[in-house]
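Mind the numbering: the sequence shown is residues 19 to 439 in the working numbering, read in order. For every residue, glycine included, the Cβ atom is placed at its ideal position computed from N, Cα and C.
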Amino acid sequence: MSSTIVMKFGGTSVADAERIKRAAQRIVRQRESGKRVVAVLSARGTTTDELLAMAEEVSPVPDPRELDMLLSTGERISCALCAMAINDLGHRAISLTGSQAGIVTDTSHTKARIIDVRANRIREALEDDLIVLVAGFQGVSTSYDVTTLGRGGSDTTAVALAAAIGAEVCEIYTDVAGVFTADPRIVPTARKLPVVSFEEMLEMAASGAKVLQLRSVEYARTHGVRIHCRSSFEDAPGTVVLGEDETMEHPLITAVTHSTEEARITLLGVPDRPGAAAAIFIALAEANCNVDTIIQNEPLGDGRDAEVSFTISHEDLGAAERALEPVLAELEITQIDTDPEIGKVSIVGAGMRSHPGVAAKVFQTLAERGINIEMISTSPIKISCVIRSDAVSEAVQALHEAFELDASAVQQERPIGQEAR
(Lines of atoms letter the chains of each structure in order from A and count residues from 1; the text may use other names and numbers.)
(Lines give C-alpha, C1' and ligand atoms only; values in the text may rest on other atoms or scores of the structure.)
Protein backbone atom coordinates (compact mmCIF):
# COMPACT_ATOMS: atom_id res chain seq x y z
CA MET A 1 0.00 0.00 0.00
CA SER A 2 1.23 3.49 -0.80
CA SER A 3 2.32 5.64 2.12
CA THR A 4 0.20 8.65 3.04
CA ILE A 5 1.36 12.19 3.66
CA VAL A 6 -0.54 15.14 5.14
CA MET A 7 0.42 18.57 3.79
CA LYS A 8 -0.79 21.76 5.47
CA PHE A 9 -0.57 25.16 3.76
CA GLY A 10 -0.86 28.35 5.78
CA GLY A 11 -2.63 31.54 4.79
CA THR A 12 0.39 33.18 3.14
CA SER A 13 0.96 30.01 1.09
CA VAL A 14 -2.50 30.33 -0.54
CA ALA A 15 -2.87 34.12 -0.41
CA ASP A 16 -3.54 34.62 -4.13
CA ALA A 17 -4.23 32.66 -7.30
CA GLU A 18 -0.59 32.07 -8.14
CA ARG A 19 0.22 30.75 -4.70
CA ILE A 20 -2.79 28.45 -4.75
CA LYS A 21 -1.56 27.09 -8.10
CA ARG A 22 1.93 26.64 -6.61
CA ALA A 23 0.47 24.72 -3.67
CA ALA A 24 -1.55 22.59 -6.11
CA GLN A 25 1.61 21.78 -8.06
CA ARG A 26 3.42 20.77 -4.90
CA ILE A 27 0.55 18.52 -3.86
CA VAL A 28 0.48 16.92 -7.31
CA ARG A 29 4.23 16.27 -7.22
CA GLN A 30 3.79 14.28 -4.03
CA ARG A 31 0.95 12.31 -5.58
CA GLU A 32 3.01 11.60 -8.71
CA SER A 33 5.85 10.35 -6.49
CA GLY A 34 3.50 7.55 -5.40
CA LYS A 35 2.17 8.92 -2.14
CA ARG A 36 -1.45 9.29 -1.18
CA VAL A 37 -2.07 12.91 -0.23
CA VAL A 38 -4.34 14.70 2.20
CA ALA A 39 -3.86 18.49 2.20
CA VAL A 40 -5.18 20.91 4.81
CA LEU A 41 -5.58 24.55 3.80
CA SER A 42 -5.92 27.74 5.79
CA ALA A 43 -7.95 30.76 4.73
CA ARG A 44 -6.29 32.97 2.12
CA GLY A 45 -4.07 35.76 3.41
CA THR A 46 -6.05 38.20 5.56
CA THR A 47 -9.43 36.56 4.92
CA THR A 48 -10.02 35.63 8.58
CA ASP A 49 -9.27 39.18 9.72
CA GLU A 50 -11.62 40.55 7.05
CA LEU A 51 -14.40 38.21 8.20
CA LEU A 52 -13.86 39.30 11.80
CA ALA A 53 -14.11 42.93 10.71
CA MET A 54 -17.40 42.16 8.94
CA ALA A 55 -18.78 40.64 12.14
CA GLU A 56 -17.75 43.67 14.20
CA GLU A 57 -19.47 45.98 11.72
CA VAL A 58 -22.83 44.49 12.66
CA SER A 59 -22.20 43.48 16.29
CA PRO A 60 -19.79 44.79 18.95
CA VAL A 61 -19.74 41.34 20.58
CA PRO A 62 -20.59 38.78 17.88
CA ASP A 63 -22.46 35.66 18.97
CA PRO A 64 -19.78 32.88 19.17
CA ARG A 65 -21.87 30.29 17.32
CA GLU A 66 -22.58 32.59 14.40
CA LEU A 67 -18.99 33.82 14.39
CA ASP A 68 -17.81 30.24 13.91
CA MET A 69 -20.26 29.80 11.05
CA LEU A 70 -18.82 32.91 9.41
CA LEU A 71 -15.13 32.25 10.02
CA SER A 72 -15.29 28.67 8.75
CA THR A 73 -16.00 29.90 5.22
CA GLY A 74 -12.45 31.15 4.61
CA GLU A 75 -10.83 27.72 4.64
CA ARG A 76 -13.61 26.27 2.50
CA ILE A 77 -12.90 28.85 -0.19
CA SER A 78 -9.20 27.92 -0.22
CA CYS A 79 -9.93 24.20 -0.53
CA ALA A 80 -12.43 24.57 -3.36
CA LEU A 81 -10.08 26.81 -5.36
CA CYS A 82 -7.11 24.49 -4.84
CA ALA A 83 -9.20 21.46 -5.87
CA MET A 84 -10.05 23.27 -9.11
CA ALA A 85 -6.35 23.93 -9.76
CA ILE A 86 -5.44 20.27 -9.06
CA ASN A 87 -8.16 19.03 -11.40
CA ASP A 88 -6.73 21.28 -14.14
CA LEU A 89 -3.36 19.59 -13.60
CA GLY A 90 -4.90 16.25 -14.58
CA HIS A 91 -5.51 14.79 -11.13
CA ARG A 92 -8.77 14.22 -9.29
CA ALA A 93 -9.29 16.15 -6.08
CA ILE A 94 -12.17 16.52 -3.64
CA SER A 95 -12.57 19.31 -1.09
CA LEU A 96 -14.18 18.61 2.28
CA THR A 97 -15.31 20.81 5.14
CA GLY A 98 -14.11 19.94 8.61
CA SER A 99 -17.39 18.25 9.42
CA GLN A 100 -17.37 16.26 6.15
CA ALA A 101 -13.86 15.12 7.02
CA GLY A 102 -15.12 13.75 10.34
CA ILE A 103 -13.48 16.20 12.74
CA VAL A 104 -15.58 16.17 15.92
CA THR A 105 -14.99 18.80 18.61
CA ASP A 106 -16.32 19.87 21.97
CA THR A 107 -18.89 22.68 22.16
CA SER A 108 -16.50 25.58 22.94
CA HIS A 109 -17.10 28.02 20.10
CA THR A 110 -14.10 29.92 18.65
CA LYS A 111 -11.63 27.73 20.61
CA ALA A 112 -12.97 24.22 20.24
CA ARG A 113 -10.86 21.15 20.95
CA ILE A 114 -10.84 18.06 18.77
CA ILE A 115 -12.20 15.02 20.61
CA ASP A 116 -12.45 12.54 17.73
CA VAL A 117 -11.59 12.16 14.04
CA ARG A 118 -13.92 9.91 12.06
CA ALA A 119 -11.93 9.78 8.85
CA ASN A 120 -13.87 7.11 6.94
CA ARG A 121 -14.78 9.47 4.09
CA ILE A 122 -11.12 10.47 3.70
CA ARG A 123 -10.01 6.85 3.60
CA GLU A 124 -12.64 6.02 0.98
CA ALA A 125 -11.56 8.96 -1.17
CA LEU A 126 -7.90 7.91 -0.94
CA GLU A 127 -8.86 4.36 -1.95
CA ASP A 128 -10.57 5.90 -5.01
CA ASP A 129 -7.23 7.55 -5.92
CA LEU A 130 -8.43 11.05 -5.04
CA ILE A 131 -6.36 13.84 -3.55
CA VAL A 132 -8.27 14.99 -0.47
CA LEU A 133 -8.35 18.65 0.53
CA VAL A 134 -9.68 19.42 4.02
CA ALA A 135 -10.70 22.84 5.30
CA GLY A 136 -8.52 23.55 8.32
CA PHE A 137 -9.39 25.33 11.57
CA GLN A 138 -12.86 23.81 11.89
CA GLY A 139 -15.01 20.85 12.82
CA VAL A 140 -18.47 19.94 14.01
CA SER A 141 -19.35 19.84 17.69
CA THR A 142 -21.10 17.07 19.57
CA SER A 143 -24.14 19.39 19.37
CA TYR A 144 -23.87 19.36 15.53
CA ASP A 145 -22.76 23.00 15.30
CA VAL A 146 -19.88 24.31 13.19
CA THR A 147 -16.91 25.11 15.44
CA THR A 148 -13.50 26.67 14.92
CA LEU A 149 -10.26 25.74 16.66
CA GLY A 150 -8.72 29.15 17.37
CA ARG A 151 -5.83 30.97 15.72
CA GLY A 152 -3.47 28.54 14.01
CA GLY A 153 -6.05 25.77 14.27
CA SER A 154 -5.29 24.42 10.80
CA ASP A 155 -2.03 23.03 12.22
CA THR A 156 -4.07 21.00 14.69
CA THR A 157 -6.42 19.85 11.93
CA ALA A 158 -3.45 18.55 9.94
CA VAL A 159 -1.83 16.74 12.87
CA ALA A 160 -5.14 15.20 13.96
CA LEU A 161 -5.78 13.88 10.44
CA ALA A 162 -2.23 12.53 10.20
CA ALA A 163 -2.78 10.62 13.45
CA ALA A 164 -6.18 9.30 12.35
CA ILE A 165 -5.05 7.95 8.97
CA GLY A 166 -1.56 6.84 10.03
CA ALA A 167 0.36 9.25 7.80
CA GLU A 168 4.13 8.87 7.72
CA VAL A 169 4.63 12.60 8.24
CA CYS A 170 2.68 15.83 8.62
CA GLU A 171 4.32 18.58 6.57
CA ILE A 172 3.50 22.13 7.70
CA TYR A 173 4.20 24.63 4.89
CA THR A 174 4.61 28.25 5.96
CA ASP A 175 6.29 31.48 4.87
CA VAL A 176 9.43 30.63 6.89
CA ALA A 177 12.01 27.93 6.24
CA GLY A 178 11.55 26.16 9.56
CA VAL A 179 12.03 26.74 13.28
CA PHE A 180 14.82 29.19 14.11
CA THR A 181 16.86 29.96 17.22
CA ALA A 182 15.02 33.34 17.28
CA ASP A 183 12.77 35.35 15.00
CA PRO A 184 15.04 36.16 11.98
CA ARG A 185 13.31 39.52 11.61
CA ILE A 186 14.75 40.49 15.00
CA VAL A 187 17.99 38.47 14.90
CA PRO A 188 19.30 38.18 11.30
CA THR A 189 21.99 35.69 12.42
CA ALA A 190 19.42 33.26 13.86
CA ARG A 191 19.93 29.76 12.53
CA LYS A 192 17.42 27.20 11.36
CA LEU A 193 17.14 24.15 13.61
CA PRO A 194 17.18 20.89 11.62
CA VAL A 195 15.69 18.99 14.56
CA VAL A 196 13.80 19.99 17.70
CA SER A 197 12.15 17.80 20.32
CA PHE A 198 8.43 17.85 21.08
CA GLU A 199 9.19 18.99 24.62
CA GLU A 200 11.17 22.00 23.43
CA MET A 201 8.69 22.82 20.68
CA LEU A 202 5.85 22.81 23.20
CA GLU A 203 7.65 25.35 25.35
CA MET A 204 8.57 27.45 22.31
CA ALA A 205 5.01 27.51 21.01
CA ALA A 206 3.65 28.35 24.47
CA SER A 207 6.08 31.23 24.88
CA GLY A 208 5.51 33.00 21.58
CA ALA A 209 7.00 31.07 18.65
CA LYS A 210 4.35 31.24 15.93
CA VAL A 211 5.64 28.57 13.57
CA LEU A 212 3.37 25.90 15.06
CA GLN A 213 0.21 26.17 17.13
CA LEU A 214 0.63 24.86 20.68
CA ARG A 215 -2.29 22.44 20.48
CA SER A 216 -0.93 20.88 17.30
CA VAL A 217 2.37 20.09 19.02
CA GLU A 218 0.54 18.64 22.04
CA TYR A 219 -1.56 16.45 19.74
CA ALA A 220 1.48 15.33 17.74
CA ARG A 221 3.41 14.32 20.86
CA THR A 222 0.43 12.44 22.29
CA HIS A 223 -0.21 10.53 19.07
CA GLY A 224 3.36 10.14 17.82
CA VAL A 225 2.99 12.21 14.65
CA ARG A 226 6.23 13.38 13.06
CA ILE A 227 6.03 17.03 11.97
CA HIS A 228 8.18 18.57 9.25
CA CYS A 229 7.93 22.36 9.27
CA ARG A 230 9.17 23.83 5.98
CA SER A 231 8.89 26.70 3.52
CA SER A 232 6.18 26.70 0.89
CA PHE A 233 8.42 28.79 -1.38
CA GLU A 234 11.47 26.51 -1.60
CA ASP A 235 12.22 22.77 -1.62
CA ALA A 236 14.95 22.72 1.05
CA PRO A 237 14.40 20.65 4.20
CA GLY A 238 12.98 22.51 7.17
CA THR A 239 12.76 21.52 10.84
CA VAL A 240 11.66 18.07 11.95
CA VAL A 241 9.89 17.81 15.32
CA LEU A 242 10.67 14.46 16.93
CA GLY A 243 10.24 12.54 20.13
CA GLU A 244 12.85 13.08 22.85
CA ASP A 245 14.21 9.56 22.31
CA GLU A 246 14.96 10.30 18.64
CA THR A 247 17.30 13.26 19.15
CA MET A 248 20.91 13.50 20.26
CA GLU A 249 21.99 15.33 23.43
CA HIS A 250 20.44 18.76 23.40
CA PRO A 251 22.35 22.05 23.42
CA LEU A 252 22.15 24.13 26.57
CA ILE A 253 19.76 26.63 24.98
CA THR A 254 17.81 25.79 21.83
CA ALA A 255 16.04 29.08 21.13
CA VAL A 256 14.98 32.51 22.33
CA THR A 257 11.26 33.17 21.83
CA HIS A 258 9.14 36.23 22.42
CA SER A 259 5.62 37.62 22.44
CA THR A 260 4.26 41.16 22.27
CA GLU A 261 0.63 40.08 22.18
CA GLU A 262 -0.01 39.87 25.89
CA ALA A 263 -1.64 42.06 28.51
CA ARG A 264 -1.46 42.05 32.29
CA ILE A 265 -4.44 42.25 34.61
CA THR A 266 -3.86 43.22 38.25
CA LEU A 267 -6.57 42.86 40.88
CA LEU A 268 -6.01 44.93 44.00
CA GLY A 269 -7.65 44.09 47.30
CA VAL A 270 -8.35 40.39 46.77
CA PRO A 271 -9.90 39.16 50.05
CA ASP A 272 -7.64 37.14 52.33
CA ARG A 273 -9.90 34.12 52.54
CA PRO A 274 -9.95 30.60 51.06
CA GLY A 275 -11.44 30.33 47.60
CA ALA A 276 -11.07 33.98 46.56
CA ALA A 277 -8.30 33.37 44.03
CA ALA A 278 -9.98 30.16 42.89
CA ALA A 279 -13.19 32.05 42.05
CA ILE A 280 -11.22 34.45 39.86
CA PHE A 281 -9.51 31.77 37.81
CA ILE A 282 -12.58 29.53 37.59
CA ALA A 283 -14.43 32.42 35.94
CA LEU A 284 -11.59 32.90 33.46
CA ALA A 285 -11.48 29.19 32.66
CA GLU A 286 -15.23 29.06 32.06
CA ALA A 287 -14.82 31.97 29.63
CA ASN A 288 -12.13 29.93 27.81
CA CYS A 289 -9.45 32.53 28.61
CA ASN A 290 -5.95 31.10 28.76
CA VAL A 291 -3.92 32.58 31.62
CA ASP A 292 -0.13 32.48 31.51
CA THR A 293 2.11 33.90 34.25
CA ILE A 294 0.46 34.37 37.67
CA ILE A 295 1.80 36.21 40.71
CA GLN A 296 -0.02 36.63 44.03
CA ASN A 297 1.40 38.90 46.71
CA GLU A 298 0.35 37.51 50.06
CA PRO A 299 -1.34 39.79 52.63
CA LEU A 300 1.08 41.51 55.00
CA GLY A 301 -1.02 40.73 58.07
CA ASP A 302 -1.87 44.38 58.75
CA GLY A 303 -5.36 44.31 57.31
CA ARG A 304 -4.34 44.80 53.69
CA ASP A 305 -5.66 42.22 51.27
CA ALA A 306 -3.71 40.38 48.56
CA GLU A 307 -2.81 41.53 45.07
CA VAL A 308 -3.12 39.13 42.12
CA SER A 309 -1.50 39.75 38.72
CA PHE A 310 -1.60 37.56 35.65
CA THR A 311 -0.89 37.79 31.94
CA ILE A 312 -3.32 36.95 29.17
CA SER A 313 -3.38 37.28 25.40
CA HIS A 314 -4.65 40.52 23.89
CA GLU A 315 -7.41 38.64 22.07
CA ASP A 316 -8.73 37.27 25.38
CA LEU A 317 -8.61 40.59 27.24
CA GLY A 318 -12.18 41.71 26.54
CA ALA A 319 -13.64 38.30 27.37
CA ALA A 320 -11.60 38.18 30.57
CA GLU A 321 -12.82 41.57 31.75
CA ARG A 322 -16.44 40.57 31.11
CA ALA A 323 -15.97 37.23 32.89
CA LEU A 324 -14.44 38.92 35.94
CA GLU A 325 -17.19 41.53 36.46
CA PRO A 326 -19.56 39.36 38.55
CA VAL A 327 -16.69 37.80 40.50
CA LEU A 328 -15.20 41.18 41.39
CA ALA A 329 -18.60 42.38 42.56
CA GLU A 330 -19.08 39.27 44.69
CA LEU A 331 -15.60 39.56 46.24
CA GLU A 332 -15.97 43.33 46.62
CA ILE A 333 -12.81 43.99 44.64
CA THR A 334 -12.99 47.61 43.55
CA GLN A 335 -9.75 48.12 41.64
CA ILE A 336 -8.64 46.33 38.47
CA ASP A 337 -5.67 47.59 36.44
CA THR A 338 -5.09 46.52 32.86
CA ASP A 339 -1.72 46.98 31.15
CA PRO A 340 -1.70 46.18 27.42
CA GLU A 341 1.97 47.12 26.89
CA ILE A 342 3.38 43.85 28.16
CA GLY A 343 5.90 41.67 26.38
CA LYS A 344 7.59 38.37 27.16
CA VAL A 345 10.98 36.94 26.30
CA SER A 346 11.89 33.31 26.98
CA ILE A 347 14.82 30.95 26.62
CA VAL A 348 14.10 27.29 25.92
CA GLY A 349 16.47 24.35 26.02
CA ALA A 350 16.39 20.78 27.28
CA GLY A 351 20.05 21.12 28.26
CA MET A 352 19.08 23.58 31.01
CA ARG A 353 18.19 20.68 33.28
CA SER A 354 21.82 19.74 33.85
CA HIS A 355 23.47 23.19 33.67
CA PRO A 356 23.27 25.53 36.69
CA GLY A 357 23.56 29.28 36.32
CA VAL A 358 21.26 29.76 33.34
CA ALA A 359 18.78 31.95 35.23
CA ALA A 360 21.61 34.08 36.60
CA LYS A 361 22.93 34.66 33.09
CA VAL A 362 19.47 35.65 31.82
CA PHE A 363 18.92 38.14 34.63
CA GLN A 364 22.44 39.57 34.32
CA THR A 365 22.13 39.96 30.55
CA LEU A 366 18.86 41.87 30.79
CA ALA A 367 20.13 43.98 33.69
CA GLU A 368 23.16 45.05 31.68
CA ARG A 369 20.78 46.37 29.02
CA GLY A 370 18.71 48.21 31.61
CA ILE A 371 15.68 45.95 30.99
CA ASN A 372 13.49 45.54 34.06
CA ILE A 373 11.90 42.13 34.69
CA GLU A 374 8.36 42.50 36.01
CA MET A 375 7.30 38.85 36.31
CA ILE A 376 9.08 35.51 35.99
CA SER A 377 7.87 31.99 35.25
CA THR A 378 9.94 28.85 34.81
CA SER A 379 9.80 25.19 33.88
CA PRO A 380 12.63 22.63 33.85
CA ILE A 381 13.54 23.69 30.29
CA LYS A 382 12.27 27.28 30.07
CA ILE A 383 12.70 30.68 31.72
CA SER A 384 10.21 33.41 30.78
CA CYS A 385 10.52 37.06 31.73
CA VAL A 386 7.67 39.55 31.46
CA ILE A 387 9.04 42.93 30.41
CA ARG A 388 7.80 46.08 28.68
CA SER A 389 6.74 45.39 25.09
CA ASP A 390 9.04 48.07 23.66
CA ALA A 391 12.07 46.28 25.17
CA VAL A 392 11.33 42.86 23.65
CA SER A 393 13.45 43.18 20.50
CA GLU A 394 16.52 44.32 22.43
CA ALA A 395 16.03 41.54 24.98
CA VAL A 396 15.81 38.87 22.28
CA GLN A 397 18.99 40.14 20.60
CA ALA A 398 20.86 40.33 23.89
CA LEU A 399 19.93 36.80 25.02
CA HIS A 400 20.61 35.31 21.59
CA GLU A 401 24.10 36.83 21.69
CA ALA A 402 24.74 35.95 25.35
CA PHE A 403 23.99 32.26 24.78
CA GLU A 404 25.88 32.23 21.44
CA LEU A 405 23.03 30.89 19.35
CA ASP A 406 24.02 32.33 15.97
CA ALA A 407 24.83 30.07 13.02
CA SER A 408 28.59 30.10 13.59
CA ALA A 409 28.57 29.38 17.33
CA VAL A 410 26.42 26.32 17.96
CA GLN A 411 26.80 22.72 16.82
CA GLN A 412 23.49 21.51 15.41
CA GLU A 413 21.83 18.53 17.00
CA ARG A 414 21.20 15.46 14.83
CA PRO A 415 18.71 12.59 14.86
CA ILE A 416 20.04 9.42 16.43
CA GLY A 417 21.79 7.33 13.81
CA GLN A 418 22.81 10.29 11.64
CA GLU A 419 26.62 10.54 11.70
CA ALA A 420 28.53 13.82 11.54
CA ARG A 421 29.78 14.62 8.07
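ask   = Is the Cβ-Cβ distance between Ala111 and Ile121 less than 7 Å?
value = Ala111 is not a Cβ neighbour of Ile121, given a cutoff of 7 Å.
task = Below 8 Å on the Cβ atoms is my guess for Val404 versus Glu392; work out the distance and round it to an integer in Å.
result = Going by Cβ atoms, the distance from Val404 to Glu392 rounds to 5 Å, so yes, they are a contact pair.
inquiry  = By the DSSP assignment, the beta strand (DSSP E) with Cys307 in it spans what residues?
reply    = Boundaries for Cys307: no beta strand (DSSP E) harbours it, and the DSSP string shows neither H nor E there.
message = Below 8 Å, how does it come out for the segment 287 to 294 and the segment 269 to 277: are there three or more Cβ pairs, yes or no?
response = The segment 287 to 294 is not in contact with the segment 269 to 277.
query = Candidates Glu50, Ala181 and Val58: which alpha carbon is nearest Ile38's?
reply = Residue Val58 is the option with its Cα nearest to Ile38.
ask   = Is it buried or exposed for Met25, if we count other Cβ within 10 angstroms and need 16 for buried?
value = Buried: at least 16 other Cβ atoms inside 10 Å.
task = Hey, could you find the ends of the alpha helix (DSSP H) Ser159 is sitting in?
result = Premise fails: Ser159 lies in the beta strand (DSSP E), Gln156 to Ser159, not in any alpha helix (DSSP H).
key: Proximity winner among Glu50, Arg139, Phe381 and Tyr191, relative to Gly28 (alpha-carbon distances)   = Nearest neighbour of Gly28 by Cα position, chosen from Glu50, Arg139, Phe381 and Tyr191, turns out to be Tyr191.
task = List the residues that DSSP assigns as beta-bridge partners of Gly361.
result = DSSP, once it has assigned bridges, lists Ile405 as partnering Gly361.
ask   = Should Ala101 and Ala137 be called a contact, given that it needs their Cβ atoms to be closer than 7 Å?
value = Going by C-beta atoms, Ala101 is not nearer than 7 Å to Ala137.
message = In whole angstroms, give me the CA-to-CA distance for Val229 and Glu75.
response = Each residue's Cα considered, the two are about 31 Å apart.
inquiry  = Using a Cβ-Cβ cutoff of less than 6 Å, which residues in the same chain neighbour Ala153 once the five nearest sequence positions on both sides are dropped?
reply    = The answer, listed in chain order, is Glu93, Arg94, Cys97, Thr115 and Gly116.
key: Distance, Val363 Cα to Thr207 Cα   = Computed Cα separation, rounded: 18 Å.
inquiry  = Am I right that Val55 and Ile23 are in contact with their C-beta atoms under 8 Å? What's the rounded C-beta distance?
reply    = The Cβ separation is near 6 Å, so the contact holds.
ask   = From which residue to which residue does the alpha helix (DSSP H) around Phe198 run?
value = The continuous stretches of alpha helix (DSSP H) do not include Phe198, and DSSP gives it neither H nor E.
task = Could you please give the first and the last residue of the uninterrupted alpha helix (DSSP H) stretch that includes Ser51?
result = From DSSP, Ser51 is part of no alpha helix (DSSP H); its letter is neither H nor E.
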